[in-house]
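What follows is a set of notes on a single structure, which appears directly below.
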Amino acid sequence: MRPALPTEATPPAAAPARDGAPVRVSLQISGMTCAACQARVQKALANVPGVVDANVNLMTAEAAVTFDPATSSADALVARVRETGYGAALPRAGGDPLAEQDEARAREFHELRAKALVATAAGAIAMVASMPLMAAHAHLGLGGPVDPLMRWSMRVLDPPLARALPWLYAIQPRAIAFALLLLTTAVMAWAGRHFYVRAWAAFRHHSADMNTLVAVGTGAAYLLSVVATVAPGFFLARGVPPDVYYEAVVLIIALILVGNALEARAKRETSAALRKLVQLQPATARVVRGGAELDVAVELVHPGDVVAVRPGERIPVDGEVVSGGSAVDESMLTGEPLPVRKGPGDRVIGATLNGTGAFRFRATAVGADSVLAGIVRLMREAQGSRAPIQKLADRISGIFVPVVLSIAIATFVAWFLAADAAPAVRAFVAAVAVLVIACPCAMGLAVPTAVMVATGKGAELGVLIKGGEALERAHAVRAVVLDKTGTITAGKPVVTEVALAAGSETSEPELLALVAAVERASEHPLAAAIVAHAAERGAPALAAAAFESATGRGARGTVDGRAVLVGNEALLAEAGVDPAPLRARAAELASRGRTVVFAAVDGALAGLVAIADPLRPTSREAIARLRRMGLEVVMLTGDGRSTAEAVAREAGVARVVAGVLPAGKVAEIERLQAEGKIVAMVGDGINDAPALARADVGVAMGGGTDVAVEAADVTLMRPDLGAVADAIALSRRTMRTMRQNLFWAFAYNVVGIPVAAGALYPAFGLMLSPVLASAAMAMSSVSVVSNSLRLRRFRGARRE
Numbered sequence: 135m136r137p138a139l140p141t142e143a144t145p146p147a148a149a150p151a152r153d154g155a156p157v158r159v160s161l162q163i164s165g166m167t168c169a170a171c172q173a174r175v176q177k178a179l180a181n182v183p184g185v186v187d188a189n190v191n192l193m194t195a196e197a198a199v200t201f202d203p204a205t206s207s208a209d210a211l212v213a214r215v216r217e218t219g220y221g222a223a224l225p226r227a228g229g230d231p232l233a234e235q236d237e238a239r240a241r242e243f244h245e246l247r248a249k250a251l252v253a254t255a256a257g258a259i260a261m262v263a264s265m266p267l268m269a270a271h272a273h274l275g276l277g278g279p280v281d282p283l284m285r286w287s288m289r290v291l292d293p294p295l296a297r298a299l300p301w302l303y304a305i306q307p308r309a310i311a312f313a314l315l316l317l318t319t320a321v322m323a324w325a326g327r328h329f330y331v332r333a334w335a336a337f338r339h340h341s342a343d344m345n346t347l348v349a350v351g352t353g354a355a356y357l358l359s360v361v362a363t364v365a366p367g368f369f370l371a372r373g374v375p376p377d378v379y380y381e382a383v384v385l386i387i388a389l390i391l392v393g394n395a396l397e398a399r400a401k402r403e404t405s406a407a408l409r410k411l412v413q414l415q416p417a418t419a420r421v422v423r424g425g426a427e428l429d430v431a432v433e434l435v436h437p438g439d440v441v442a443v444r445p446g447e448r449i450p451v452d453g454e455v456v457s458g459g460s461a462v463d464e465s466m467l468t469g470e471p472l473p474v475r476k477g478p479g480d481r482v483i484g485a486t487l488n489g490t491g492a493f494r495f496r497a498t499a500v501g502a503d504s505v506l507a508g509i510v511r512l513m514r515e516a517q518g519s520r521a522p523i524q525k526l527a528d529r530i531s532g533i534f535v536p537v538v539l540s541i542a543i544a545t546f547v548a549w550f551l552a553a554d555a556a557p558a559v560r561a562f563v564a565a566v567a568v569l570v571i572a573c574p575c576a577m578g579l580a581v582p583t584a585v586m587v588a589t590g591k592g593a594e595l596g597v598l599i600k601g602g603e604a605l606e607r608a609h610a611v612r613a614v615v616l617d618k619t620g621t622i623t624a625g626k627p628v629v630t631e632v633a634l635a636a637g638s639e640t641s642e643p644e645l646l647a648l649v650a651a652v653e654r655a656s657e658h659p660l661a662a663a664i665v666a667h668a669a670e671r672g673a674p675a676l677a678a679a680a681f682e683s684a685t686g687r688g689a690r691g692t693v694d695g696r697a698v699l700v701g702n703e704a705l706l707a708e709a710g711v712d713p714a715p716l717r718a719r720a721a722e723l724a725s726r727g728r729t730v731v732f733a734a735v736d737g738a739l740a741g742l743v744a745i746a747d748p749l750r751p752t753s754r755e756a757i758a759r760l761r762r763m764g765l766e767v768v769m770l771t772g773d774g775r776s777t778a779e780a781v782a783r784e785a786g787v788a789r790v791v792a793g794v795l796p797a798g799k800v801a802e803i804e805r806l807q808a809e810g811k812i813v814a815m816v817g818d819g820i821n822d823a824p825a826l827a828r829a830d831v832g833v834a835m836g837g838g839t840d841v842a843v844e845a846a847d848v849t850l851m852r853p854d855l856g857a858v859a860d861a862i863a864l865s866r867r868t869m870r871t872m873r874q875n876l877f878w879a880f881a882y883n884v885v886g887i888p889v890a891a892g893a894l895y896p897a898f899g900l901m902l903s904p905v906l907a908s909a910a911m912a913m914s915s916v917s918v919v920s921n922s923l924r925l926r927r928f929r930g931a932r933r934e
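Per the working numbering, residue 135 is the first one in the sequence shown, and the count goes up by one each step.
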């Protein structure tokens with residue numbers, strides 16, 4: 135049975151309301167660059183009348199809004215976002231949101247790259263052209279430039295430049311200044327326009343974000359330069375050189391755009407796993423119609439169609455094999471590299487890879503109902519969710535920009551009062567450096583980038599994590615509670631031993647055939663195991679007459695004229711058959727967790743059949759890995775204690791709680807939680823659903839029921855407890871990455887802002903150029919995204 139996944143490939147643009155119920159709509163947001171942007175859009179949406187809930191995600195550039203349709207509308211939400219200076223749109227009807235998101239990110243990257251290249255070229259021109267101006271001002275005897283970068287340039291670059299371009303130094307300084315004014319104005323109006331538009335929109339709504347810092351810093355430098363260009367006498371009369379900062383304005387815009395472009399490209403890589411999954415589905419399918427095989431678009435395949443698959447092809451849709459057989463590589467779904475044998479009656483999943491065989495299958499789920507579509511939807515929702523640790527960054531980002539503006543003002547005042555020369559200019563340069571070095575972007579990206587990469591990597595490993603909250607909780611797990619049947623064990627009873635009674639005249643194949651004939655008429659799960667084993671051993675399929683079931687004891691019947699009795703000791707004793715010759719053997723088997731069924735033929739003890747639910751092949755090693763990770767492992771089961779303890783010994787579980795009903799499982803989890811432990815519950819059945827919901831982290835096995843999967847926080851797409859260790863190890867690695875991101879984002883600002891303000895000047899005589907400050911700001915957010923991308927190298931708990 136496949137995992138029960140939701141049946142929509144992607145959330146609709148707006149879920150229809152029923153009986154006045156709230157509507158949920160997904161908006162595509164453009165223009166957000168930092169946590170303050172995200173917070174402003176979210177606040178604007180939350181304040182719209184009728185909005186019940188609004189969640190804006192910086193990484194996915196989406197807003198999920200739930201609202202009352204009687205009070206508001208999707209169009210009103212779009213209009214409100216646009217009022218804040220950001221773009222907003224509803225997904226196209228019938229479109230692919232993932233493709234639309236990729237298309238939007240590609241457009242954003244190409245636009246930012248073009249602006250960054252042009253602005254960088256303009257900045258280089260502005261810096262070269264500024265050299266003659268600085269040299270002319272130096273000849274006035276008023277001192278060199280205050281900006282450290284320009285002072286270095288005058289010392290190192292100016293002499294060779296004057297020799298290489300003597301014609302440039304022959305131009306009138308004021309002509310150069312006016313030319314730089316035109317160039318800078320053009321760059322600000324085109325490449326940097328969005329900074330000023332969004333900053334103005336934020337100002338009108340009494341808020342501030344990164345755009346505010348950039349706009350105020352570059353705007354102040356621009357206005358000061360304009361005054362120096364138009365009225366240089368104002369500065370000369372006060373003994374201050376009329377320096378212009380056009381090159382700083384252009385280079386600040388250029389470097390921030392370079393950082394934004396690199397960030398946009400890195401963001402595209404965070405959803406690479408999701409994109410890879412979507413691209414696995416073939417574009418066409420070979421459908422059998424009218425006896426002929428026709429290639430049709432996969433969108434035209436309908437449930438019930440018979441589809442042919444040849445060797446080496448990808449399976450186009452979900453279905454059930456009707457003829458033929460092959461080995462299918464399901465690693466895209468489960469993370470397991472070994473192919474799985476498929477034959478008539480077996481389920482196949484769309485986008486998995488066929489091996490060397492050929493087969494036909496009947497389509498059962500297509501489009502939005504397919505397993506692949508469900509995985510994509512769950513991943514999109516998980517990548518758009520917020521981890522609790524994000525709240526710390528949100529709180530700081532909410533006050534960050536006002537604090538930075540205050541620090542910039544204080545820096546200006548301090549330099550103006552304390553500077554020994556050109557106090558106004560020095561104060562201005564330091565204040566601008568403070569404004570442009572401050573970076574709320576890195577704090578906003580620290581957590582969501584890690585969530586996106588981690589959930590994508592989890593899907594590659596066959597672990598579907600339902601969101602940032604589950605991802606964060608999993609790292610703190612200290613106790614793992616395992617259901618027995620279907621989790622530690624395969625959940626499918628099989629015959630493990632057949633023993634003949636001493637002196638029995640019935641051979642093993644004959645005994646299997648007789649017992650299977652009686653059990654074939656029974657509905658008991660153990661009966662199915664015996665019938666399947668007899669078929670595997672080639673025993674003839676016989677029919678039983680006069681079948682009679684003895685509830686709780688066994689069954690009897692006549693096979694080829696022979697009286698056959700199959701059941702427990704009580705049934706044999708009732709028929710006058712003594713099981714004593716096999717009682718010791720039965721006790722030994724029972725101590726190993728086997729269920730023993732006695733068989734008598736024509737009134738004489740013939741033998742016994744031992745049945746067990748075997749461990750999954752990977753369970754023992756997986757449990758050992760969990761224990762090596764410092765986790766307490768507990769087995770919960772409704773089975774009797776002797777069977778449970780036998781399975782626990784074989785699996786390597788030290789603590790067993792047996793004979794518990796669903797309510798008892800919940801009570802055991804609550805008891806562990808009362809000890810202060812964060813508990814993960816792993817199960818697969820309906821009776822596990824309450825415990826999965828009660829646990830701090832619920833984990834549903836891949837072959838589980840719909841109810842169990844819906845109640846869980848994590849779904850394992852492969853029936854392997856090793857995936858539990860992978861999920862916890864991935865969570866631990868992701869939390870380390872999140873903390874690293876937040877630490878460096880905070881540390882960058884804690885160190886960078888004082889340095890920009892001039893904290894190093896008294897001791898070392900060092901000041902930070904606004905241009906270098908902007909470069910540092912641009913690289914900080916890129917470093918956070920790059921650190922998150924390292925999670926793509928995660929290989930599972932074995933190597934953690």
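C-beta: ideal position from N, C-alpha, C; glycine also.
Residue burial classification, residue i (beta-carbon count within 10 angstroms, cutoff 16)
i: D818; result: buried
i: I305; result: exposed
i: V175; result: buried
i: P896; result: exposed
i: Q235; result: buried
i: A797; result: exposed
i: K600; result: buried
i: A842; result: The pLDDT assigned to A842 is 43, lower than 50, so where the model puts this residue is not dependable, and the model offers no usable value.
i: Q172; result: buried
i: K618; result: buried
i: L161; result: buried
i: N921; result: buried
i: A388; result: buried
i: F312; result: exposed
i: G479; result: exposed
i: F877; result: exposed
i: W286; result: exposed
As assigned by DSSP and simplified to three states, the class of residue i
i: M577; result: helix
i: E142; result: For E142, the predicted model reports a pLDDT of 35, less than 50, meaning its position is unreliable; a value from the coordinates is still stated below. Looking at E142 - three-state DSSP - the assignment turns out to be coil, as it is neither helix nor strand.
i: R783; result: helix
i: T849; result: strand
i: A198; result: strand
i: L902; result: coil
i: V500; result: coil
i: T729; result: strand
i: G620; result: helix
i: T205; result: coil
i: S914; result: helix
i: R929; result: coil
i: K600; result: coil
i: G508; result: helix
8 Å Cβ cutoff met for residue i and residue j
i: A859; j: R759; result: yes
i: N189; j: A198; result: yes
i: T318; j: V384; result: yes
i: T346; j: A333; result: yes
i: A718; j: T630; result: no
i: M851; j: A829; result: no
i: S683; j: S656; result: yes
i: A576; j: V918; result: yes
Integer Cβ distance of residue i from residue j, believed to fall under 8 Å
i: L579; j: L192; result: 7 Å
i: I541; j: I887; result: 6 Å
i: G741; j: A661; result: At roughly 16 Å, the Cβ-Cβ gap does not stay under 8 Å, so G741 and A661 are not in contact.
TODO: Enumerate, from N- to C-terminal direction, the unbroken alpha helix (DSSP H) stretches of 4 or more residues contained entirely within the segment 701–746.
DONE: With a minimum length of 4 residues, the continuous alpha helix (DSSP H) runs that stay inside the segment 701–746 are 703–708, 714–725.
Open item on the list: At 3 residues or longer, what runs of the beta strand (DSSP E) sit wholly inside the segment 265–333?
Closed with: Entirely contained in the segment 265–333, not one beta strand (DSSP E) run reaches 3 residues.
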